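In what follows, a single structure is set out as structure tokens and then discussed.
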Amino acid sequence: MNSVLIVDDAAFMRLNLKNILKDDFEIAGEAENGKEAIELYQELKPDIVTMDITMPVMDGLEAIKAIQDIDPSAKIVVCSAMGQQKIVIQAIEMGAKDFIVKPFKKDRVMESLEKLL
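Under the numbering used here, think of the first position of the sequence shown as 705, with each following residue one higher.
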């Protein structure tokens, strides 16, 4: 089973994603900021990372760049609220493979992650 690292500062968003993914993916771990995401990525080596953008300590854009520096083949999907198109474009330019708009729709989340495998 492919593994996912879920990164979001909001516990309810992590839980929401976990509930969507748990039947088809192994939840490798959860991080609540970009710094934790980088540490867990190196430790757990997940197949896919879902990455929030706006987080304390280190935001998602910085974390995407750092993870891409560590592993240029990293598969990162940005999870973003509506109205953040400019930031989403930056994330894609930094190496994110796709984006999912919050609030999450199960079909869209599954489609996004499955096409990366």
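Where is the CB? At the ideal position from N, CA and C, for every residue including glycine. As the structure is a prediction and not an experimental result, all values here were calculated from the model.
Extent of the continuous beta strand (DSSP E) to which residue i belongs
i	result
Val-781	780-785
Secondary structure of residue i, DSSP reduced to three states
i	result
Glu-736	coil
Leu-709	strand
Residue i: first and last residue of the uninterrupted alpha helix (DSSP H) it sits in
i	result
Lys-722	715-725
Outcome for residue i when other beta-carbon atoms lying within 10 angstroms are tallied against a minimum of 16
i	result
Met-759	buried
Met-717	buried
Asp-775	exposed
Asp-773	exposed
Entirely within the region 741-810 and at least 3 residues each: give me those beta strand (DSSP E) ranges in chain order. 752-756, 780-785 and 802-806
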